[in-house]
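Structure first, commentary second.
In the UniProt record's numbering, the protein residues as written are 1 to 852.
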């Protein structure tokens, strides 16, 4: 009897225990009041010793942002409010707090010190020095180990040399500015320049920290001068404005960026003509069709006609060489290279492309001699690259990668004989084919790494060795190189020319994404037949950091799985979550999602994301919202919490939580048929859904924003498939849009319609007006039977808000059901929270009215 009682008690206790787990772990019904809970996660970096991670969380609603560091092994966490980005060195972590406080974290002791009244700071990367500029503009030099500090006079200009051992600083005292050099180890300094009539503007060190370039001007600011200080020898040279005028009395030094070669033998600076811009009549604009640039573009594009132009000064010989000129004003250079690239951005204008075609010259920075190397090159981002040593110039032209050897003056087609496409095929095959990319260069510029659609190629600079490093095409997996701590980024002043030296002696780190199922992860590459998987799963994996030979940190997420930071050790075959965001997430029930696949007459195996209603019942018929904008399948693994504060008024999770299916289909575009392509793909995607899940075909809605707003507006002119639709900030009249100005850049909108634009029109309106009319929503509005909600920001600079007005007026004249909502003070997407909430509610009410 006692035995039975004991068993009953144990059973009852277990029931209570597991019952409590069920009770307290029971999922709750979600309500919009919980929207403020959710946060985004940013993995910012790791400490120098690879023991700490640095991340921040930012709530989707409001300004509640927290930056943290966490010890990977012990879990010790330090949180800092305000969301500032901190910085590590070998022993310390430094971060701003509040409006004027600086927090110093001793990573060994895990202690925190506070420094108040801080305006700016600089933490040396490999020593114990901290430089602080206070709110009163005094400078403090601190030794973080000895706690010794030294205060200097007021200073607005200073520069720490690359060794972090020497400080150049301009001190203000008694109305006079003086330039001092301080040894941070001894905290002793000496004056190298002074003058009551001088004002110091810029200080720039060379890479070794032994040479200092100085730009200063007269107090009246009528003339700029250069100085060059040799730290080791203690000598200083000057290039005054008067001396420069003797070289060219029509040009004067300007307050532009200074650059110094690593050897310290060249100082690069900018000058401008003394003459001003051409006289114009106040209040009068002249638009001339023969001008290279339209009038509105001149506000945004510095053609270089009036400078600034690049010069180089050799202090040892006091020689000055002009590199940029009025005829060829643009120079892409690295101070360590003998050769630069020289061109005029308007030499081939007018052309109707986002980037103007340019004729590129090789410019010898030692003699100013130049030679034409490429004619009519498209200079879009990713099309042109310098090698890290400056010996080679690589450019993408005629669907191939070409290399020009600057010393041998020889062109080589690197990819012409390879059975692979190095430009974006299919719908991205514009008139100027876009390359998949150049990842970087091997050490000493011996090879270049380039991408095809799936794989990584390593090609020798003489074109004799060409090796495909990965086998992604066979498995529909896209491999790309992950740049690491040992890879060096080479920067240029001109956008798009930056490149990497990739350290491959110990192999490569690769990201991988399967284009069919969107699984992703990372691999270690040793050689083509030796690729080791780090991690590969049904998630979106990003931000890989290698901590050691076998250990890694990365971020992972999915549509309904909050972002987390994960540590993995391959040798120990272990992994753990170091930080999980949104810990309340599992208290609620969330919808499932899946990929669907469908074919069209213009493309096979397209994908879409189908999100189910949260409490899905296969016996029940549901309404569905279709959200469109080019490729949407990438949202399969993008964490998306519900929210009413949406910049475009739509959140897929809001609808899935309220008994809607949501479909996010991919669209493939035929050239010259943007609207018709969208129609065909969306119809096929919806048909596929109707074949597989219980969606009520009479209760389907369509929504799109921007180009998706255009697609939505066009689709409802062609089909009655949708019971309601919403077009946000869309294009309704393709003709008036074509003949308008893109306010963000001053370009003609022609560039966004033809060639490389979203609309993919292959000809001008005058060559093919019929195709324009066929794909213009306004010119097909008579076919609309779907109630359409239109919205736009009144101050939209991306798409003229009058486009929405034209769509509304057309539907009004046709007596079709439609409504237009304008938001004053808003642009292309909404930024004011009350407007975000208002729009989200209006759109939801619109769909509920017609679909519920």
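Ideal placement from N, C-alpha and C gives every residue a C-beta, glycine not left out.
Quiz prompt | alpha helix (DSSP H) segment containing residue 806, residue limits | solution = 802-813
Quiz item: When you compare only the Cα positions, how much space is there between residue 527 and residue 645?
Solution: 48 Å
Quiz item: Between residue 342 and residue 387, what straight-line distance do the alpha-carbon atoms span, to the nearest angstrom?
Solution: 16 Å
Quiz item: Whole-angstrom Cβ separation of residue 88 and residue 47, contact assumed at under 8 Å?
Solution: 5 Å
Quiz prompt | Residue from 504, 473 and 499 with nearest C-alpha to residue 514 | solution = 473
Self-check item: Beta-carbon contacts of residue 754 that lie in its chain and below 7 Å, excluding the five residues immediately before and after
Solution: 352, 761 and 764
Quiz item: What is the DSSP secondary structure of residue 117, reduced to helix, strand or coil?
Solution: coil
Practice problem: From the DSSP output, read off the bridge partner residues of residue 273. | Solution: 251
Quiz prompt | 7 Å Cβ shell around residue 523 - same chain, five flanking residues per side excluded | solution = 510, 512, 531, 532, 533 and 534
Quiz item: In angstroms, rounded to a whole number, what distance separates the CA positions of residue 50 and residue 564?
Solution: 18 Å
Practice problem: Indicate whether residue 717 and residue 784 have their beta-carbon atoms separated by less than 7 Å. | Solution: yes
Quiz item: Does the stretch 189-196 come close enough to the stretch 165-176 that 3 or more CB-CB pairs lie under 8 Å?
Solution: yes
Quiz item: Which of helix, strand or coil does DSSP assign to residue 444?
Solution: helix
Quiz item: So, is residue 782 buried or exposed, given that buried needs 16 or more other C-beta atoms within 10 angstroms?
Solution: exposed
Quiz item: Is the stretch 840-852 touching the stretch 645-661 in the sense that three or more CB pairs, one from each, lie closer than 8 Å?
Solution: yes
Practice problem: Please determine, among 684, 540 and 833, the residue with the shortest C-alpha to C-alpha distance to residue 604. | Solution: 684
Self-check item: Limits of the beta strand (DSSP E) - the one that residue 624 falls within
Solution: 622-628
Quiz item: If you draw a straight line from the C-alpha of residue 808 to the C-alpha of residue 306, how long is it?
Solution: 45 Å
Quiz item: Hey, residue 54 and residue 72: beta-carbon distance below 7 Å or not?
Solution: no
Quiz prompt | N- and C-terminal bounds of the alpha helix (DSSP H) containing residue 770 | solution = 769-774
Quiz item: So what does DSSP say about residue 784, is it helix, strand or coil?
Solution: coil
Quiz item: At which residues does the beta strand (DSSP E) containing residue 65 begin and terminate?
Solution: 65-71
Quiz item: Anyone know if the C-beta pair for residue 337 and residue 390 falls short of 7 Å?
Solution: yes
Self-check item: Residue burial classification, residue 413 (beta-carbon count within 10 angstroms, cutoff 16)
Solution: exposed
Quiz prompt | Close beta carbons around residue 831, own chain, < 8 Å, minus the five adjacent residues each side | solution = 647
Quiz item: Taking the alpha-carbon positions, what's the residue 203 to residue 159 distance?
Solution: 6 Å
Exercise. Output the boundary residues of the alpha helix (DSSP H) element that contains residue 677.
Key: 674-692
Quiz item: Between 107, 695 and 235, which lies nearest to residue 620 when the distance is taken from Cα to Cα?
Solution: 695
Exercise. Provide the residue(s) that pair with residue 791 in DSSP beta bridges, ordered along the chain.
Key: 728 and 821
Quiz prompt | Of the residues 833, 793, 732 and 66, the one placed nearest residue 806, counting alpha carbons only | solution = 732
Quiz item: Can you tell me the Cα-Cα spacing of residue 799 and residue 456, whole angstroms?
Solution: 38 Å
Quiz item: Within 10 angstroms of its Cβ, does residue 97 collect 16 or more other Cβ (buried), or is it exposed?
Solution: buried
Practice problem: With a cut-off of 8 Å on the beta carbons, I'd call residue 635 and residue 664 a contact; round off their distance for me. | Solution: 5 Å
Quiz item: Distance, Cα to Cα, residue 362 vs residue 707?
Solution: 40 Å
Exercise. State yes or no: is the C-beta of residue 321 within less than 7 Å of the C-beta of residue 331?
Key: no
Practice problem: List the endpoints of the continuous alpha helix (DSSP H) containing residue 656. | Solution: 652-656
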